[in-house]
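Visitor:
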Amino acid sequence: MGDEERLFNRARRCSNPTELVVSPVELHQRNVQRRLREAKQPKDAFIFEDPVGLCKQVLEEAGRPTTTIDRIDRLTLLRSVLESSDPGEPMQIQLPSDAASRDPQHVEQIRTEVETATNFHPERISAWSETADALYSPIDREAEEFLEAALAVERRLRDRTSKAISETELIRRATRSIVTTDGAAWKETYPQIERLTLLGLSSFSAPHTDLVHGLLETTAIEIHVHFRSGTGEYLTSRVRDLLSVADPGLEVFE
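In the working numbering, the protein residues as written are 449 to 702.
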């Protein structure tokens with residue numbers, strides 16, 4: 449948790465970088481680079497990247513597609529899905545009973561929240577359903593409806609485009625490529641990288657967790673995760689459980 453000074457202690461001059469410094473937020477990367485400049489420390493040992501950019505590199509090296517639809521395109525596709533049936537007819541996607549029935553932005557929020565929490569992994573989907581069953585009514589029904597709506601939306605979007613539905617899907621694809629090649633996909637992309645440092649995390653989403661898990665399972669690189677102080681203590685205590693999901697990158701749709 450925190451203690452990013454260790455990163456600065458590893459700054460040195462070298463011919464090839466050996467450490468990937470990864471942060472979901474570009475501002476955090478810029479702050480680290482600014483501190484290195486102010487301390488007159490070299491950046492030679494580091495490659496700065498975000499999780500999506502890192503995973504794009506892995507997929508491109510493997511000859512896999514990396515084209516995604518953006519949020520505007522997703523909303524357009526969602527609108528066409530939601531309006532494809534007459535208002536008086538049953539909807540093709542059953543939304544939660546408290547949802548704004550044909551609001552694409554709200555439906556996209558449902559899809560995104562479930563993707564962030566589960567990475568569409570079958571083990572996490574099952575855990576969600578089991579937890580929902582144990583809740584009191586009507587919360588149990590609402591939780592299950594929320595999950596089923598997100599899965600239905602993701603399926604329908606995939607039916608309508610061959611591109612990745614989101615940048616998060618690229619993280620999932622890269623994770624799966626790393627795992628199914630026993631780390632070869634990573635080693636071919638970053639052969640000289642010895643360490644991966646994740647910075648500035650206020651949460652540990654399922655996609656990022658699975659990526660870290662896949663790398664730990666199949667490669668010999670060191671991984672340092674630096675959580676932000678507000679939630680870091682709790683997340684540190686949960687890391688072992690978060691990394692316990694088998695087959696990282698696997699999808700319930702497979």
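No residue lacks a Cβ here, since even glycine has one placed at the ideal position from N, Cα and C.
Within its chain, find whatever has a CB closer than 8 Å to the CB of R572; leave out the 5 residues flanking it on each side and keep chain order.
Guide: Closer than 8 Å at the Cβ level, and outside the excluded window around R572, lie A565, T566, A654 and V693.
Visitor: Which class does G648 belong to by DSSP, given the choice of helix, strand or coil?
Guide: Three-state result, G648: strand.
Visitor: Along the chain, where does the alpha helix (DSSP H) containing L484 start, and where does it finish?
Guide: First-last of the alpha helix (DSSP H) with L484: E474 to E486.
Visitor: For E642 versus E670, is the C-beta distance shorter than 8 Å?
Guide: In contact: E642 and E670 (Cβ atoms closer than 8 Å).
Visitor: Using beta-carbon positions only, say whether K488 and Q481 come within less than 8 Å of one another.
Guide: No, these two residues do not count as a Cβ contact at 8 Å.
Visitor: Assign V473 to one of two classes, buried (16 or more other C-beta atoms within 10 Å of its C-beta) or exposed (fewer than that).
Guide: Classification for V473: exposed.
Visitor: Since V700 contacts F568 with CB under 8 Å, what's their CB separation in whole angstroms?
Guide: At roughly 5 Å, the Cβ-Cβ gap stays under 8 Å, so V700 and F568 are in contact.
Visitor: Does the stretch 681-691 come close enough to the stretch 600-613 that 3 or more CB-CB pairs lie under 8 Å?
Guide: With the cut-off at 8 Å, the stretch 600-613 and the stretch 681-691 do not touch.
Visitor: On a Cα-Cα basis, can you pick out the residue from S651, A597 and T667 that is closest to T679?
Guide: It is S651.
Visitor: Residues bridged to A612 by DSSP?
Guide: Paired residue(s): T516.
Visitor: For F675 versus L664, is the C-beta distance shorter than 8 Å?
Guide: Result no, Cβ atoms of F675 and L664 do not sit closer than 8 Å.
Visitor: Quick one: any contact between the stretch 620-627 and the stretch 498-506, if contact means 3 or more CB pairs under 8 Å?
Guide: Counting Cβ pairs under 8 Å, three or more are found: they touch.
Visitor: Taking the straight line between their C-alpha atoms, what separation do you get for C462 and T514?
Guide: One C-alpha to the other measures close to 31 Å.
Visitor: Determine which residues share a DSSP beta bridge with H672 and list them.
Guide: Paired residue(s): T645.
Visitor: Reducing DSSP to helix, strand and coil, say where I573 ends up.
Guide: It is helical.
Visitor: Who are the Cβ neighbours of K635 in its own chain at under 8 Å, not counting the five residues just before and after it?
Guide: So the qualifying residues of the chain are T667.
Visitor: As a quick exercise: from F494, E486, R458 and L455, pick the residue whose alpha carbon is nearest that of Q640.
Guide: Comparing Cα-Cα distances from Q640 to each of F494, E486, R458 and L455, the minimum goes to F494.
Visitor: Report the rounded CA-to-CA distance for E531 versus R550, giving the unit in angstroms.
Guide: So the alpha carbons of these two residues sit roughly 8 Å apart.
Visitor: Any idea which residues DSSP pairs V469 with across the strands?
Guide: F496 and T645, per the DSSP bridge assignment.
Visitor: I need the straight-line Cα distance from Q477 to L649, nearest angstrom please.
Guide: Going from the Cα of Q477 to the Cα of L649 covers about 12 Å.
Visitor: Return the residue from the list A582, D518, G631 and L455 that minimises the CA-CA distance to E556.
Guide: Closest by alpha carbon: D518.
Visitor: Using the Cα positions of E453 and G697, report the straight-line distance between them to the nearest angstrom.
Guide: In a straight line, the C-alpha of E453 is about 32 Å away from that of G697.
Visitor: Just reading off the alpha helix (DSSP H) that D658 is part of, what are its end residues?
Guide: Counting along the chain, the alpha helix (DSSP H) containing D658 begins and ends at A654 to T666.
Visitor: Is the separation between the beta-carbon of A598 and that of V562 shorter than 8 Å?
Guide: For A598 and V562, yes; Cβs fall inside 8 Å.
Visitor: Take R608 and list the residues in its own chain whose beta-carbon comes closer than 6 Å to its own, dropping the five residues that flank it on each side.
Guide: Contacts found: L525.
Visitor: Find the nearest neighbour of R620 within the set L502, E497 and L605, judged by alpha-carbon distance.
Guide: That would be L502, whose Cα lies nearest to the Cα of R620.
Visitor: Of all Cβ atoms in chain B, is any one closer than 8 Å to the Cβ of L595?
Guide: The structure shown contains no chain B; it holds only a single protein chain.
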